[in-house]
Amino acid sequence: MTNPPDDKKDDDMPDFSDVKSGASSTAPGAEVFQTYEVKSGDSLSKIAKNFYGNGNAWKTIFDANTDILKDPNKIYPGQKLKIPPKIPPKL
Amino acid sequence: MKNLIAITIALPLATTTLACRKSEPPPATPAESATPATTLPAPVSVSAVALGTAIGPDKRVTAAAESFGAKDTIYSSVETVGTGHARLRARWSFVKGDKTAKVDETTIELDSAGPAVNEFHISKPSGWPKGDYKLEVFLGDAETPAAVRTFKVS
Numbered sequence: 001m002t003n004p005p006d007d008k009k010d011d012d013m014p015d016f017s018d019v020k021s022g023a024s025s026t027a028p029g030a031e032v033f034q035t036y037e038v039k040s041g042d043s044l045s046k047i048a049k050n051f052y053g054n055g056n057a058w059k060t061i062f063d064a065n066t067d068i069l070k071d072p073n074k075i076y077p078g079q080k081l082k083i084p085p086k087i088p089p090k091l
Numbered sequence: 001m002k003n004l005i006a007i008t009i010a011l012p013l014a015t016t017t018l019a020c021r022k023s024e025p026p027p028a029t030p031a032e033s034a035t036p037a038t039t040l041p042a043p044v045s046v047s048a049v050a051l052g053t054a055i056g057p058d059k060r061v062t063a064a065a066e067s068f069g070a071k072d073t074i075y076s077s078v079e080t081v082g083t084g085h086a087r088l089r090a091r092w093s094f095v096k097g098d099k100t101a102k103v104d105e106t107t108i109e110l111d112s113a114g115p116a117v118n119e120f121h122i123s124k125p126s127g128w129p130k131g132d133y134k135l136e137v138f139l140g141d142a143e144t145p146a147a148v149r150t151f152k153v154s
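Chains A and B, in that order, give the protein sequences. Position 36 (the first sequence) corresponds to 36 in the working numbering; numbering is contiguous. Position 66 (the second sequence) corresponds to 66 in the working numbering; numbering is contiguous.
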């Protein structure tokens with residue numbers, strides 16, 4: 001997965017927006033996801049575009065967060081969203 | 001007369017017997033003492049964290065390192081013990097003086113039946129900036145990390 005760029009960039013600090021990450025476990029059925037804290041001006045499609053390169057993948061994020069999101073158009077700064085790994089396209 | 005003697009002897013005997021019974025300690029309850037103590041299963045905790053440039057199929061680090069190159073993929077192997085549901089968060093940060101920049105935060109949610117090995121990895125195609133980094137491993141929503149490892153990119 002790729003990290004989205006931070007809205008508030010510190011000029012003194014390097015840019016880590018192209019960092020790719022992953023994880024796995026020997027525990028059967030383990031679920032892996034990234035965490036993203038909603039910032040002012042975010043929308044699910046914007047977050048999906050940043051993480052997956054495709055704004056239409058917003059439903060993947062919404063479905064993973066139905067415990068805290070009831071309406072995909074209502075997200076609030078400070079909410080911590082689970083970002084599931086990008087599912088590779090079927091060949 | 002014989003009857004009077006018999007009553008005289010029998011009465012104190014009966015009183016003594018009753019008195020003795022009263023002072024006897026209550027019988028032990030073997031059912032209670034024989035019940036084995038039940039031990040609750042230990043919750044998941046972090047037992048070891050290693051950093052390196054490669055991991056094996058068992059997800060353990062095979063090439064340990066504390067200093068990495070700009071193009072390295074950095075792996076961490078986090079071993080856990082205990083059973084039950086757990087959320088393991090790995091937060092990678094770049095540290096410059098008293099400033100910290102988040103590099104990545106990835107979570108593994110697991111239902112552990114015993115010891116498990118979990119791996120987290122990060123890479124940066126454009127190259128890691130030189131400097132100091134740290135990996136913090138958290139359990140659940142804890143603010144205090146269960147383990148911290150520092151490393152360098154040079």
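We treat Cβ as the ideally placed atom computed from N, Cα and C, and that holds for glycine. Keep in mind that this is a model prediction, so the values were computed, not measured.
- Between Ala86/B and Tyr36/A, the alpha-carbon positions lie close to 19 Å from each other.
- In this structure, Phe151/B lies away from Ala23/A, with their beta-carbon atoms at least 8 Å apart.
- For Pro129/B, the chain A residues whose Cβ falls inside 7 Å of its Cβ are Pro14, in order along the chain.
- According to the DSSP assignment, Thr83/B belongs to no alpha helix (DSSP H), since it is labelled neither H nor E.
- Along the stretch 16-39 of chain A, the positions whose C-beta sits under 7 Å from a C-beta of chain B are Phe16, Asp18, Val19, Lys20, Ser21, Gly22, Ala23, Ser24, Ser25, Thr26, Ala27, Gly29, Ala30, Glu31, Val32, Phe33, Gln34, Thr35, read in chain order.
- Sequence-distant partners of Tyr76/A (beyond 5 residues in either direction) whose C-beta falls short of 8 Å from its own C-beta, in its chain, are Val38.
- With the criterion set as a beta carbon lying under 7 Å from some beta carbon of chain A, the stretch 63-80 of chain B has no members that meet it.
- The stretch 111-125 of chain B makes contact with the stretch 14-22 of chain A; the number of CB pairs closer than 8 Å reaches 3 or more.
- With its beta carbon at least 8 Å from every one in chain A, Lys134/B lies outside the interface.
- Around Pro41/B, the same chain offers Thr83 as residues with beta carbons nearer than 6 Å, after the five sequence neighbours per side are excluded.
- Three or more Cβ pairs closer than 8 Å define a contact, and the stretch 41-53 of chain B meets that threshold against the stretch 133-149 of chain B.
- With 16 or more other Cβ atoms from the protein chains shown falling within 10 Å of its own Cβ, Lys59/B counts as buried.
- Bounds of the alpha helix (DSSP H) holding Phe62/A are 58-64.
- For Val153/B, no chain A residue has a Cβ inside 8 Å of its Cβ, as the nearest lies near 10 Å away.
- Val137/B is positioned such that its CB atom lies no closer than 8 Å to that of Ser77/B.
- The alpha-carbon separation between Phe94/B and Ser126/B amounts to approximately 16 Å.
- Put simply, of Ile55/B, Thr39/B, Thr38/B, Trp128/B the residue whose alpha carbon is nearest the alpha carbon of Trp92/B is Trp128/B.
- Taking 8 Å as the CB threshold, Val137/B stays off the interface with chain A.
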